[in-house]
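Engineer: In my numbering, the protein residues as written are 1 to 426.
Ideal Cβ placement from N, Cα and C applies to all residues, glycine included.
All of these numbers come straight from a predicted model, not from anything done at the bench.
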Ligand code: BJ8
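1) Do residue 305 and residue 366 have their C-beta atoms within less than 8 angstroms of each other?
2) Residue 160 and residue 138 look like a contact to me (Cβ under 8 angstroms); what is the Cβ gap, rounded to whole Å?
3) Report the rounded CA-to-CA distance for residue 219 versus residue 205, giving the unit in angstroms.
4) Ignore the nearest five residues each way along the sequence and tell me which others in residue 97's own chain have a CB closer than 6 angstroms to its CB.
5) Can you tell me whether residue 316 is helix, strand or coil according to DSSP?
6) Starting from the C-beta of residue 361, find all residues in its chain whose C-beta is less than 7 angstroms away, skip the five residues before and the five after it, and write them out in chain order.
7) Apply the 10 Å Cβ neighbour rule to residue 26 and answer buried if 16 or more other Cβ atoms are within range, or exposed otherwise.
8) Just list the residues that DSSP pairs residue 33 with in beta bridges.
9) For residue 252, which residues of its own chain have a beta-carbon under 6 angstroms away from its beta-carbon, when the five flanking residues on both sides are left out?
10) Less than 8 angstroms between the CB atoms is what I'm expecting for residue 82 and residue 319, so what's the real figure, rounded?
11) For residue 331 versus residue 181, is the C-beta distance shorter than 8 angstroms?
12) If you follow the beta strand (DSSP E) that residue 301 is part of, which residue opens it and which one closes it?
13) With H, G and I counted as helix, E and B as strand and the rest as coil, what does DSSP make of residue 73?
14) At a threshold of 7 angstroms, does residue 78 count as lining the ligand BJ8 (C-beta to nearest heavy atom)?
15) Per DSSP, which one or two residues make a beta bridge with residue 277?
16) Assuming residue 283 contacts residue 374 under a Cβ cut-off of 8 angstroms, what Cβ separation, rounded to an integer in Å, is found between them?
17) Residue 312: beta carbon under 7 angstroms from a heavy atom of the ligand BJ8?
18) For residue 114, I'd like the list of residues in its chain whose CB is within less than 6 angstroms of its CB, leaving aside the five on either flank, ordered along the chain.
19) Any chance the CB of residue 284 is under 7 angstroms from a heavy atom of the ligand GTP?
20) Between residue 342 and the ligand BJ8, is the CB less than 7 angstroms from at least one heavy atom?
21) Does DSSP put residue 90 in a helix, in a strand, or in coil?
22) Within the continuous beta strand (DSSP E) that includes residue 400, where are the two ends?
23) Does the pairing of the stretch 46-63 with the stretch 236-251 give three or more beta-carbon distances under 8 angstroms?
24) Let me know if residue 404 comes out buried or exposed under the rule of 16 or more other beta-carbons within 10 Å of its beta-carbon.
25) For residue 372, which three-state DSSP category applies?
26) Report yes if the C-beta of residue 379 is less than 7 angstroms from at least one heavy atom of the ligand BJ8; otherwise report no.
27) How would you label residue 337, buried or exposed, when you count the other beta carbons within 10 angstroms and need 16 or more for buried?
28) At a cut-off of 7 angstroms, would you count residue 143 as near the ligand BJ8, judging by its Cβ distance to the nearest heavy atom?
29) On the criterion of 16 or more Cβ atoms from any shown chain inside 10 Å, does residue 382 qualify as buried, or is it exposed?
30) Sort 291, 124, 77 by Cα distance to residue 409 and report the nearest one.
31) What does the alpha-carbon distance come out to for the pair residue 294 and residue 15?
Here is the structure:
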């Protein structure tokens, strides 16, 4: 990475602490990713994005701001990126997956809270995340208790807006969600200084749909008995989708898909025949949290699909724009896509998620399911019991795991995962 210290200084960052973070990431990345064999060549691009994650991409965001564009940060896939894009903004995911930021988060939040929230807020407290330092607005949402209260704390440090989301997938729930979309549009119009226009919104919907479609295309290759790409590499590509320029991501992921399809045709696999295939479901897995995928893929198994918000929940469904002729109708279509098709445990009941997990097990030929939840995420942990019963009724083996970003439990996790893999039928 080139020297970006002047840029970071201009963002008001704590340079000394940020240097420590920059020093820790490359060896961690190398140990997790570059030790894998026979990776697709198309992964070179994604390696580069991670190497430049606090450099080149930030420079691009600042260039966008210098042209009058705005940067909007988000922590949840219920925040509609199509609308941000249509208003001339760029949306970036601010969810943080590093233990590095947790102690700073604990300065202002309780320790017994989900690490994703502590790390996200800690990134701001410590002034060591250039994305957080660049955003013009953070759009939070009242999904789980931890997040909805954390926005009150964050509001004293950064411009923050909270989307009011319902708890139930009912008619009333949809009305509230739809109204929240309108309120968000008003807020984003105020921040960007632009009005939502039909053509721009339609074009933004098409761009984001193309991004989702290419992720779907990549995932399709993992349905093959011979796996062209590891779960770790696919996880990395999905994580990059939340930061990267949309058009460039689409082009690079398209090239990677074509390469993976060729590998499928040629019968090439990055894992030996007979490797156990696992579906991972649960809370989001955000950069640079690669811990459990790494353990699984060095324990005689591989991850073939992720049913979570950095996996299928993010890309599986499209916005249905057919017949829409007004901005209102396009916003309706967006609202339906998000409300009807994303099954988050913050909703009750949430049977759609178990339906998806069972369907995906069949589609991807998974031998078992790992329920991977972050510590103190109450909604997903409680939902595990319903999920366990549904999977048991289908004869699908299930391993619930709870962990955080620290490395202290890696040995214990490996023991449990190895025992689970061993127990799966040949
Ligand atoms: S749509 S999963 S991205 S809320 S922060 S709920 S892990 S305790 S992130 Fe999420 Fe939107 Fe739902 Fe997806 Fe649990 Fe932690 Fe809360 Fe979390």
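Structural biologist: For this structure:
1) yes
2) 5 angstroms
3) For residue 219 and residue 205, the distance between alpha carbons rounds to 21 angstroms.
4) 286, 287, 288, 289
5) Here DSSP, grouped into helix, strand and coil, assigns residue 316 to coil.
6) Cβ within range, chain order: 279, 369, 396.
7) Here residue 26 is exposed: its Cβ has fewer than 16 other Cβ atoms, across all protein chains shown, within 10 Å.
8) Answer is none; residue 33 lacks a bridge partner.
9) Closer than 6 angstroms at Cβ, skipping near neighbours: 45.
10) 7 angstroms
11) Yes, the Cβ-Cβ distance between residue 331 and residue 181 is below 8 angstroms.
12) Looking at the DSSP string, the run of the beta strand (DSSP E) that includes residue 301 is 301-307.
13) strand
14) yes
15) 302
16) Contact flag correct, Cβ pair sits at about 5 angstroms.
17) no
18) 146, 374, 376, 377
19) Although the ligand GTP was asked about, the structure shown includes only the ligand BJ8 as ligands.
20) yes
21) In the structure shown, residue 90 sits in a strand (DSSP, three-state: E or B).
22) 398-403
23) yes
24) buried
25) strand
26) The answer is yes for residue 379.
27) buried
28) yes
29) exposed
30) Considering only alpha carbons, the answer is 291.
31) If you take the alpha carbons of residue 294 and residue 15, they lie about 30 angstroms apart.
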